[in-house]
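To keep things clear, I will list the structure first and then write my remarks on it.
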Amino acid sequence: MNLLIGVSASIAAIKLGEVKERLKERCAESNLQVEIKYVATTLAYNAFLKQQDFGEKVLLDGDEWAWENMGDAILHVELRKWADLFVICPMDANTLASVASGACPNLLTCICRCWDFSKPLVVFPCMNTHMYEHPITREQLKRITSWGVQVVEPVEKLLACGDYGIGALPPVEDVVGEIVKHVKRHHLEVANRGKHSA
Numbered sequence: 001m002n003l004l005i006g007v008s009a010s011i012a013a014i015k016l017g018e019v020k021e022r023l024k025e026r027c028a029e030s031n032l033q034v035e036i037k038y039v040a041t042t043l044a045y046n047a048f049l050k051q052q053d054f055g056e057k058v059l060l061d062g063d064e065w066a067w068e069n070m071g072d073a074i075l076h077v078e079l080r081k082w083a084d085l086f087v088i089c090p091m092d093a094n095t096l097a098s099v100a101s102g103a104c105p106n107l108l109t110c111i112c113r114c115w116d117f118s119k120p121l122v123v124f125p126c127m128n129t130h131m132y133e134h135p136i137t138r139e140q141l142k143r144i145t146s147w148g149v150q151v152v153e154p155v156e157k158l159l160a161c162g163d164y165g166i167g168a169l170p171p172v173e174d175v176v177g178e179i180v181k182h183v184k185r186h187h188l189e190v191a192n193r194g195k196h197s198a
């Protein structure tokens, strides 16, 4: 299956290297064939991924504008077609607001804007407690959930700002477990379709 992982500029993005490695291990342990591509906002890449020696190609806003002639492939549309599962981990407040309002100022949100909701889109919102508990956040989460977006709630812990409260990324093992659950579900659906068509 094809898995697209989007990364926005929450400080939780520093965990993505761990998520990537553990996800590879879990998929190998379960004999799950998965091809993974990564897309990030420019801020997420410069602030967090660049410093991690991430080791994987990360698609950025500049890649969206690599086409040269009319009729050339447009990256956000091609990624929509390619991906069987889209995971945004983490989803910061700005990206949530953009997606909920239909704004698409970057490659990541352009993919969201044209996403095919017959395929799963799973998001891990991560932000300061006061941002997470703001009434607009509840409204935005309710709105995207009504479209079929699957929201994985953040957890309570000591946040990077020094506050204790809700808004943190769940433990890496839980994040990976959630992704693997969807990967397995896709493999099962493909296998069942194969049986019915045989």
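For the sequence shown, the residue numbers in full-length UniProt numbering are 1 to 198.
Cβ coordinates follow ideal geometry from the N, Cα and C atoms, glycine included.
Would the beta-carbon of residue i fall within 8 Å of that of residue j?
{"i": "Cys114", "j": "His76", "result": "yes"}
{"i": "Thr129", "j": "Ile166", "result": "yes"}
{"i": "Val152", "j": "Thr145", "result": "no"}
{"i": "Leu107", "j": "Leu59", "result": "yes"}
{"i": "Pro154", "j": "Cys126", "result": "yes"}
{"i": "Ala66", "j": "Asn2", "result": "no"}
Starting from residue i and walking both ways along the beta strand (DSSP E), at which residues does that stretch end?
{"i": "Asn2", "result": "2-7"}
{"i": "Leu158", "result": "155-158"}
{"i": "Val37", "result": "Here residue 37 is Lys; the residue named in the question, Val, does not match the sequence. Here the beta strand (DSSP E) through Lys37 covers 35-40."}
{"i": "Ile166", "result": "164-168"}
Could you check where the alpha helix (DSSP H) with residue i kicks off and where it finishes?
{"i": "Lys20", "result": "16-29"}
{"i": "Gly62", "result": "61-64"}
{"i": "Ile111", "result": "107-113"}
Using the Cα positions of residue i and residue j, report the straight-line distance between them to the nearest angstrom.
{"i": "Asp174", "j": "Glu68", "result": "42 Å"}
{"i": "Lys184", "j": "Met131", "result": "33 Å"}
{"i": "His186", "j": "Lys20", "result": "19 Å"}
{"i": "Val39", "j": "Thr95", "result": "13 Å"}
{"i": "Met91", "j": "Met70", "result": "33 Å"}
{"i": "Leu169", "j": "Arg22", "result": "15 Å"}
{"i": "Ala73", "j": "Ile111", "result": "14 Å"}
{"i": "Phe86", "j": "Lys119", "result": "8 Å"}
{"i": "Lys157", "j": "Glu133", "result": "15 Å"}
{"i": "Ile14", "j": "Leu121", "result": "21 Å"}
{"i": "Leu79", "j": "Leu4", "result": "8 Å"}
{"i": "Glu35", "j": "Ala160", "result": "32 Å"}
{"i": "Ala47", "j": "Ala9", "result": "8 Å"}
{"i": "Val180", "j": "Asp163", "result": "31 Å"}
{"i": "Tyr16", "j": "Lys57", "result": "Rather than Tyr, the amino acid found at residue 16 in this sequence is Leu. C-alpha separation (whole angstroms): 13 Å."}
{"i": "Ala103", "j": "Ala97", "result": "8 Å"}
{"i": "Arg143", "j": "Ala100", "result": "7 Å"}
{"i": "Lys24", "j": "Gln33", "result": "10 Å"}
{"i": "Gly194", "j": "Ile136", "result": "44 Å"}
{"i": "Gly148", "j": "Leu141", "result": "11 Å"}
{"i": "Thr42", "j": "Phe54", "result": "15 Å"}
{"i": "Asp61", "j": "Ala191", "result": "35 Å"}
With a 10 Å radius around its C-beta and 16 neighbouring C-beta atoms as the bar for buried, classify residue i as buried or exposed.
{"i": "Asn31", "result": "exposed"}
{"i": "Tyr45", "result": "buried"}
{"i": "Val7", "result": "buried"}
{"i": "Phe124", "result": "buried"}
Inset, instruction - Ignoring anything shorter than 4 residues or poking outside the segment 120-149, list the alpha helix (DSSP H) runs there in chain order. - result: Segments of the alpha helix (DSSP H) lying fully in the segment 120-149: 129-132, 135-147.
Legend entry - Segments of 3+ residues assigned as beta strand (DSSP E) that fall wholly inside the segment 81-105: Counting whole runs of 3 or more residues, the segment 81-105 contains the beta strand (DSSP E) stretches 85-91.
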